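Peer 1: Here the sequence shown stands for residues 9 to 240, where the numbers follow our numbering.
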Amino acid sequence: MGKILIIDDEEDLVALLKDSLERKGHTVLTAYDGAKGAELARQQPELIILDIMMPGMDGYEVCRKIRDIVLCPIIFLSAKQSEADKIKGLALGGDDYVAKPFGLKELLARVEAHLRREKRAIFLNDAGKRVLLHFKNLTIDLKSRRIYIHNEEIMFTKREFEIIELLSLHPGQVFSKEQIYEKIWGYDAEGDCSTVTEHVKNIRAKLAEFDHDTEYISTVWGIGYRFNRIIQ
Numbered sequence: 009m010g011k012i013l014i015i016d017d018e019e020d021l022v023a024l025l026k027d028s029l030e031r032k033g034h035t036v037l038t039a040y041d042g043a044k045g046a047e048l049a050r051q052q053p054e055l056i057i058l059d060i061m062m063p064g065m066d067g068y069e070v071c072r073k074i075r076d077i078v079l080c081p082i083i084f085l086s087a088k089q090s091e092a093d094k095i096k097g098l099a100l101g102g103d104d105y106v107a108k109p110f111g112l113k114e115l116l117a118r119v120e121a122h123l124r125r126e127k128r129a130i131f132l133n134d135a136g137k138r139v140l141l142h143f144k145n146l147t148i149d150l151k152s153r154r155i156y157i158h159n160e161e162i163m164f165t166k167r168e169f170e171i172i173e174l175l176s177l178h179p180g181q182v183f184s185k186e187q188i189y190e191k192i193w194g195y196d197a198e199g200d201c202s203t204v205t206e207h208v209k210n211i212r213a214k215l216a217e218f219d220h221d222t223e224y225i226s227t228v229w230g231i232g233y234r235f236n237r238i239i240q
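Put into structure tokens, the structure is as follows:
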């Protein structure tokens with residue numbers, strides 16, 4: 009079951025949705041204003057239900073604020089029913105738009121459909137390749153070649169990212185320094201596998217800066233390195 013964030017200033021509606029979703033086994037986070045919702049979005053829910061018309065920071069602004077760091081589907085709720093409003097919501101990064109008043113069963117069905125679709129998308133794209141990898145607080149976006157910890161993007165060099173990609177696609181598997189060098193630099197590259205040690209050292213330092221409590225890459229002494237299977 010998924011972790012779902014509801015952001016809406018109508019407390020009765022939030023209570024109804026929360027109760028209905030929890031009965032289906034979901035974990036539900038709630039916020040009654042945009043600022044709190046943007047803060048809770050950093051907990052990386054699997055789906056967000058977002059009202060547009062809220063005092064202060066409205067749903068459009070919330071979506072704009074969180075879209076670059078939140079990869080999950082966003083379902084807009086709104087009493088606004090014009091085509092222009094729907095287009096604006098989708099253009100800002102929303103995945104669906106449900107007009108108020110709405111049928112509870114229909115909304116719940118849409119939630120489940122998005123969660124099923126997202127579950128597939130986390131691992132596969134249209135070509136059957138993985139696009140997103142999650143390890144505890146770490147998210148690796150293979151498509152955009154970006155890496156996040158606690159929703160904060162960490163900058164890596166091309167070679168550093170390629171090493172992370174190689175290891176994370178095979179968690180638990182040990183790669184020797186020679187294997188890593190050959191796969192990343194190529195058989196004909198001028199240099200030696202000692203450069204792998206320096207690159208892994210830099211990778212670890214960058215990861216530790218954002219999450220010093222978790223060891224994502226372990227050294228297997230006398231052999232090489234392994235990406236650890238860490239599920240939150």
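Backbone N, C-alpha and C define an ideal beta-carbon position, used for all residues, glycine too. A quick note: this is a predicted structure, and the numbers were derived from the prediction, not measured.
Check whether the region 40 to 51 and the region 11 to 31 touch, using three or more Cβ-Cβ pairs below 8 Å as the test.
Peer 2: Touching, per the Cβ criterion.
Peer 1: Within 10 angstroms of its Cβ, does residue 110 collect 16 or more other Cβ (buried), or is it exposed?
Peer 2: The sequence position of residue 110 within the sequence shown is 102, counting from 1. Per the 10 Å Cβ criterion, exposed.
Peer 1: Below 6 Å CB to CB, which residues in the same chain sit around residue 77 once its five sequence neighbours on both sides are set aside?
Peer 2: On the sequence shown, residue 77 is found 69 positions in, with the first residue counted as 1. The answer, listed in chain order, is 159.
Peer 1: Taking the beta carbon of residue 233 as the centre, do at least 16 other beta carbons fall within 10 Å, making it buried, or is it exposed?
Peer 2: Sequence index remark: in the sequence shown, residue 233 carries index 225 (1-based). Its Cβ being crowded by 16 or more others within 10 Å, residue 233 is buried.
Peer 1: Which residue from 31, 38, 63 and 65 puts its Cα closest to that of residue 55?
Peer 2: For this step, residue 55 is matched to residue 47 along the sequence shown. Comparing Cα positions, the closest option is 38.
Peer 1: So that I know if they touch, is there some Cβ in chain D lying closer than 7 Å to that of residue 234?
Peer 2: No chain D is present in this structure, which holds just one protein chain.
Peer 1: Alpha carbon to alpha carbon, what distance is there between residue 144 and residue 64?
Peer 2: On the sequence shown, residue 64 is found 56 positions in, with the first residue counted as 1. On the sequence shown, residue 144 is found 136 positions in, with the first residue counted as 1. Roughly 33 Å separates the two Cα atoms.
Peer 1: Within the same chain, show all residues whose beta-carbon is closer than 8 Å to that of residue 97, passing over the 5 residues directly before and after it, in chain order.
Peer 2: On the sequence shown, residue 97 is found 89 positions in, with the first residue counted as 1. Cβ within range, chain order: 60, 67, 68, 71, 84, 86 and 105.
Peer 1: Any idea what DSSP makes of residue 77, helix, strand or coil?
Peer 2: The residue given as residue 77 occupies position 69 in the sequence shown. Residue state, collapsed to three classes: coil.
Peer 1: With a CB to CB cut of under 8 Å and the five nearest residues on each side skipped, what residues in its chain are close to residue 211?
Peer 2: The count along the sequence shown starts at 1 and reaches residue 211 at position 203. Excluding residues within five positions, the ones whose Cβ falls inside 8 Å are 164, 168, 171, 172 and 225.
Peer 1: Would you list the one or two residues that DSSP bridges to residue 227?
Peer 2: Within the sequence shown, the letter at position 219 stands for residue 227. For residue 227, which the question treats as bridged, DSSP gives the partners 233.
Peer 1: Using the beta-carbon count (16 or more within 10 Å), is residue 195 buried or exposed?
Peer 2: Walking along the sequence shown from the start, residue 195 turns up at place 187. The residue in question, residue 195, is exposed, as its Cβ has fewer than 16 Cβ neighbours within 10 Å.
Peer 1: Ignoring anything shorter than 4 residues, give me the alpha helix (DSSP H) runs that lie fully in the region 158 to 238, in order along the chain.
Peer 2: Whole alpha helix (DSSP H) segments, 4+ residues: 166 to 176, 185 to 193 and 202 to 218.
Peer 1: So residue 25 is in the alpha helix (DSSP H); what residue range does that whole segment cover?
Peer 2: Here the question's residue 25 lines up with position 17 in the sequence shown. That run of the alpha helix (DSSP H) goes 19 to 31.
Peer 1: Counting along the chain, where does the alpha helix (DSSP H) carrying residue 49 start and finish?
Peer 2: Residue numbering aside, residue 49 sits at position 41 when the sequence shown is read from its first letter. No alpha helix (DSSP H) contains residue 49, which DSSP labels as neither H nor E.
Peer 1: Please name the residue, chosen from 107, 53 and 9, that lies closest to residue 91 on a Cα-to-Cα basis.
Peer 2: As a first step, residue 91 is located in the sequence shown; it is residue number 83 there, counting from the start. Closest by alpha carbon: 107.
Peer 1: Identify, in the order they occur along the chain, each residue of the same chain with its Cβ nearer than 7 Å to the Cβ of residue 208, setting aside the five sequence neighbours on each side.
Peer 2: What you label residue 208 is simply residue 200 of the sequence shown in a count that begins at 1. Closer than 7 Å at the Cβ level, and outside the excluded window around residue 208, lie 171, 225 and 233.
Peer 1: Is DSSP giving residue 153 helix, strand or coil here?
Peer 2: Here residue 153 is taken as the residue at index 145 of the sequence shown, counted from 1. In the structure shown, residue 153 sits in coil (DSSP, three-state: anything other than H, G, I, E or B).
Peer 1: How would you write the range of the beta strand (DSSP E) that residue 144 sits in, first residue to last?
Peer 2: The residue you call residue 144 lines up with position 136 of the sequence shown. Segment: none, residue 144 is in no beta strand (DSSP E) and carries neither H nor E.
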